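Everything below concerns the one structure shown next.
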Amino acid sequence: MCGIAGLVLADGAQPLPKQLDRLVSAISHRGPDGEGRLTIGGTTLAHRRLAIIDLQTGDQPFQDSYGTSLIANGEIYNYRELTEKITDGVLSSKSDCELPLHLYRYHGLAFTEHLRGMYALAIHDSKRGRLVLARDPFGIKPLYYVESKECFAFASEPQALVAAGLASRTPCTSAFGELLNKQFIGGRSTAFAEIKRVLPGETLVIEEGQIIEKRYLAALPSDGPREKDFAGLEARLDALLSDSVNVHQRSDVPYGMFLSGGVDSSALLAMMARLNSKPVLTYTAGFDSKSVADERIQARSVAKAVGATHVEITITQQDFWRDLPAIAAALDDPCADYAIVPSFELARVAAKDVKVILSGEGGDELFAGYGRYRRALRPRWLGGREPRMHGLFDRMNVLRESSSPHTPSLP
């Protein structure tokens, strides 16, 4: 991941150096490989880089000869295909993140329709006097902003806006109910009253510090699958998964994957093994408590079957309590997903070997992996119903373990 941030100050004012330093410093952990800043008039763009593609010439911000600048966090997976279409010699690097800069010149605000990837980016168009913010359709990469009479500011993390004094720590009390009900805060609201979220697939146009236009790009096609028979669907799914895994592996640095032993990550590992000549590096976490699901045996079996280089870690209760403050601090918004704990511990171990990790996130939602999703697909006369949104109190294993065996179970 990289980190991006920026300011648009009223009347062309220049940012206070200490304020800008605090803003950039707050996202420095997202990009240890380099820093870039650019101020044009009252607009400042800042970038912290984690170098994945084009390690030598991929530093940001990118600029063209037409007065347009760009900073981006993410990866454009179809950058090789897009590069072949840009034949006027304007590319200054081999970076995937430079492509949106030129696509904006060719296609205007419709440039995101040509991108395949995960991204949060900002484009400053000095000729039009505008700032453009865009986020990928699935909302994989985060992007937050705050508006005031004095300035419009954005950053990869809301905490950066608070650290720079651009927003207060005042909580958004109206979001608490949603957090308890859904286990996360969705939509434009965040945990902070003054900070908003750029929505997945959204493009915002800011002029004179005000949002003047919003555009949206859908994550999924609306016409559904073309194949109707199971064999055709199966072949199509295999081809799509293989293609997706292939482009996700485009990297100039080593990569690996998080393996849980479940269907989703196991399928991805099989694809990676098929596409790679060298053994895939896999990471799996387990626990020292029998009350917590542990899939190390299944993961070990899958890794052995494909000849992966397998790494296992054991998470203890001491690890949990020691790292809980750091895990909470790393969240952009509160989220009651217990997978955060093993993901955090695995990332710390994997970071010693690789910069890029693939995982099976999103598979259960797409393939109805949990009972609540399958029930939602049934007709109501067969017992179908809307999936119940489990609240925070459904995930109390830590408290249950230390309670009396005669204590009634929580709902």
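The sequence shown lines up with residues 54 to 464 when you count with this note's numbering.
Ideal Cβ placement from N, Cα and C applies to all residues, glycine included.
Computed from a predicted model, the values in this text were never measured in an experiment.
Which one or two residues does DSSP pair with residue i in a beta bridge?
i	result
residue 324	Answer by DSSP bridge pairing: none, since residue 324 is not bridged.
residue 249	198
residue 126	173
residue 205	61, 200
residue 183	178, 260
residue 364	336
residue 255	269
residue 99	58, 90
residue 410	309
residue 224	245
residue 369	None, per the DSSP bridge assignment.
residue 115	123
State the Cα-Cα distance for the pair residue i and residue j, rounded to the nearest angstrom.
i	j	result
residue 23	residue 325	Residue 23 lies beyond the stretch modelled for the chain, which goes from 54 to 464, so this question has no answer here.
residue 384	residue 378	10 Å
residue 274	residue 256	18 Å
residue 63	residue 196	22 Å
residue 136	residue 322	29 Å
residue 416	residue 320	10 Å
residue 83	residue 72	19 Å
residue 91	residue 145	17 Å
residue 283	residue 327	23 Å
residue 364	residue 61	46 Å
residue 291	residue 418	18 Å
residue 315	residue 351	8 Å
residue 168	residue 80	25 Å
residue 337	residue 400	10 Å
residue 56	residue 151	16 Å
residue 285	residue 420	17 Å
residue 369	residue 375	10 Å
residue 225	residue 245	5 Å
residue 86	residue 78	13 Å
residue 279	residue 222	49 Å
Counting C-beta neighbours from all protein chains within 10 Å, is the total for residue i 16 or more, i.e. buried, or is it exposed?
i	result
residue 265	exposed
residue 159	exposed
residue 119	exposed
residue 58	buried
residue 405	exposed
residue 287	exposed
residue 97	buried
residue 442	Residue placement at residue 442 is poorly supported in this model, since its pLDDT is 47, which falls under 50; the coordinates still yield a value, given next. The residue in question, residue 442, is exposed, as its Cβ has fewer than 16 Cβ neighbours within 10 Å.
residue 230	exposed
residue 189	buried
residue 267	exposed
residue 218	exposed
residue 134	exposed
residue 355	buried
residue 141	exposed
residue 289	exposed
residue 69	exposed
residue 208	buried
residue 67	exposed
residue 298	buried
In chain order, what residues of the same chain have a beta carbon less than 7 Å from the beta carbon of residue i, not counting five sequence neighbours either side?
i	result
residue 332	360, 361, 362
residue 164	153, 156, 157
residue 149	106, 128, 129, 132
residue 269	254, 255
Less than 8 Å between the C-beta atoms of residue i and residue j, yes or no?
i	j	result
residue 123	residue 213	no
residue 162	residue 308	no
residue 176	residue 121	yes
residue 248	residue 211	yes
residue 220	residue 251	no
residue 372	residue 398	yes
residue 54	residue 103	yes
residue 143	residue 117	yes
residue 380	residue 402	no
residue 317	residue 413	yes
residue 409	residue 330	no
residue 89	residue 114	yes
residue 236	residue 386	no
residue 191	residue 271	no
residue 262	residue 205	yes
residue 181	residue 259	no
Going by beta carbon distance, what residues of the same chain come within less than 6 Å of residue i, once the five residues before and after it are set aside?
i	result
residue 367	339, 341
residue 194	126, 127, 171, 172, 173
residue 147	107
residue 187	165, 174, 256
For residue i, which residues in the same chain have their Cβ closer than 8 Å to its Cβ, ignoring the five residues on either side in sequence?
i	result
residue 228	238, 242, 243, 244
residue 310	318, 321, 322, 325, 333, 334, 335, 336, 410, 411, 412
residue 312	318, 319, 322, 335, 336, 337, 352, 355, 356, 361, 363
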